[in-house]
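For reference, the structure discussed in these notes is given below.
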């Protein structure tokens, strides 16, 4: 009986110690709470990345016009007499 | 004439030629020369004191802050800004995008000098600098240390950059056979250099993984190596735009006509690359912030605003400026974006290494004036050497 009591108290002691350690060193993160937001962020990244790359891909016509306007001589082709 | 006599003759010719090339060209008394010479002299005096009386005599380093401005700015930031070399080498040699071929040599030279001087500045910060050979000669390999990886990678990558640039040196010295041989090594060294670069750029981030309790949680993350690697790509590209703009004005007469005309297209391509990488980096940061719910609570007070300034002000805004500049061919906007990005990288690296490091400490670390002068000395010497190379060797003129 006495031995059993000792065993119990040791077990109880270690259980308490473990709880304390858990409380002190681990913080519980609800991954399900985080995942929803992470999915939304991932989807928005994929969607925005397509839009962003489309925005960066300058259409040939616009590119050509801009190049004409930024020619080093500063003259627009429409004003040049050939 | 036998082979030995020919070699002796060639060597003698090269020495005469080299001595001729060492002589200065052009005007001597320019504001830049005067300021840089005075700074270099002051830096040398400070270094004499540092090596005779120890680190404590010229730096504000302490047991709490063992890494200061020399590591934070020279090594960590300098290496990130030199990232353009591996990106351009990969794009030109592996991807075969010939459009960027004209900036290959100057970018490799920049990268090589940055590694020699900025990672060389590590020697100044080591208490016993002669121990730097230990990881290389096997006296104390330290396989388990990230330092071991970084030391070997710095060494091998600097050698790889030298080999990549060496055809220009052989061309300058008129060693035609040697030039052909060295050109043949380019592909292998680029592959080696690119692989190593990816690893040590992230390795520099990995160095700080062991300092978890010391770095502010907004800057500390298990993904620091990934963040360091991705940010080094756009840092390097922005640095090429920034340096290219300056070089284009200063060394205008050295740039070939074809290169001159293609410069705008090159800048647009680099800006596009930087914009996409910054976009990805921004979302990485957002994921990391979201991944650990506790971080949201930290976006409050001084550190939170400081973090937002770095991420929004120096990542998101330059990213959109790049995109706008590329879309509308506004080169002034692209240049502003490049400057903001370079400042952002400096801020990010200093945040991780100095500002947000031991952020709770009562006695903060501020670099001493001697540390700043020595850093300026390193930068000025690099500019001098770069100027010497580009005015002597075929760095820009190749079309």
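Protein chains in written order, with the working numbering: chain A, 2 to 83; chain B, 37 to 435.
By construction, the Cβ of each residue, glycine as well, lies at the ideal position given by its N, Cα and C atoms.
Since this is a predicted model, take the numbers as computed values, not measurements.
State the beta-bridge partners of residue 105/B as determined by DSSP. Paired residue(s): none; residue 105/B is not in a bridge.
Ordered list of alpha helix (DSSP H) runs contained in the stretch 337–417 of chain B, each at least 4 residues: 337–344, 353–364, 367–386
Coil, strand or helix - residue 48/B by DSSP: helix
Residue of 262/B, 123/B, 48/B, 394/B minimising C-alpha distance to residue 274/B: 123/B
What is the DSSP secondary structure of residue 251/B, reduced to helix, strand or coil? It is a strand residue.
For the stretch 236–305 of chain B, list the alpha helix (DSSP H) runs that are entirely contained and at least 4 residues long, ordered along the chain. The DSSP assignment places 260–286 as complete runs of the alpha helix (DSSP H) inside the stretch 236–305 of chain B, in order along the chain (cut-off: 4 residues).
Does the separation of the CB atoms of residue 382/B and residue 278/B fall below 8 Å? no
DSSP state of residue 6/A mapped onto helix, strand, coil: Caution applies to residue 6/A, whose pLDDT of 48 falls short of 50 and renders its modelled position unreliable; the value that the coordinates give is listed next. Of the three classes helix, strand and coil, the one that applies to residue 6/A here is helix, per DSSP.
What separation, rounded to the nearest whole angstrom, lies between the Cα atoms of residue 300/B and residue 284/B? 11 Å
Verify whether the separation of the beta carbon atoms of residue 10/B and residue 239/B is less than 8 Å. Outside the modelled stretch of chain B, which goes from 37 to 435, sits residue 10/B, for which no answer is possible.
Quick check: the Cα distance between residue 126/B and residue 413/B, rounded to an integer number of angstroms? So the alpha carbons of these two residues sit roughly 31 Å apart.
Taking only three categories from DSSP, how would you classify residue 61/B? coil
Any idea if residue 156/B is buried or exposed, counting beta-carbon neighbours within 10 angstroms, 16 or more meaning buried? buried
Mapping the DSSP letters down to three states, classify residue 80/A as helix, strand or coil. Per-residue confidence for residue 80/A stands at a pLDDT of 39, beneath the threshold of 50, marking its modelled position as unreliable; no derived number is given.
Which same chain residues, not among the five before or five after residue 351/B, have their C-beta less than 7 Å away from its C-beta? These residues qualify, in order along the chain: 314, 317, 318, 380.
Could you check whether the stretch 384–393 of chain B touches the stretch 111–120 of chain B, counting it as contact only if at least three pairs of C-beta atoms, one from each stretch, sit closer than 8 Å? yes
If we cut at 8 Å on Cβ distances, does residue 327/B have a partner in chain A? By this cut-off, residue 327/B is an interface position.
Selection of the stretch 390–408 of chain B by Cβ proximity to chain A, strictly under 9 Å: none
So which residues of chain B does residue 40/A contact, with C-beta pairs closer than 9 Å? Those within 9 Å of residue 40/A in chain B number zero; the least Cβ separation is about 10 Å.
Below 8 Å on C-beta distance, what does residue 51/A contact in chain B? The premise fails here: residue 51/A is roughly 11 Å from chain B at the closest Cβ pair, so nothing lies under 8 Å.
Could you pull out every residue in the same chain whose Cβ sits closer than 8 Å to the Cβ of residue 218/B, ignoring the five residues on either side in sequence? Answer for residue 218/B: 199, 202, 203, 206, listed in chain order.
Once you ignore the five residues that flank residue 298/B on each side, which residues in its own chain have a CB closer than 8 Å to its CB? Answer for residue 298/B: 135, 138, listed in chain order.
Three or more C-beta pairs below 8 Å linking the stretch 45–65 of chain B and the stretch 391–407 of chain B: The stretch 45–65 of chain B, when compared against the stretch 391–407 of chain B, does not touch it at the 8 Å Cβ threshold.
Please name the residue in 161/B, 242/B, 105/B whose C-alpha comes closest to that of residue 256/B. 242/B
Could you check which residue in 338/B, 289/B, 363/B has the C-alpha nearest to that of residue 309/B? 363/B
Any Cβ of chain A within less than 8 Å of the Cβ of residue 315/B? yes
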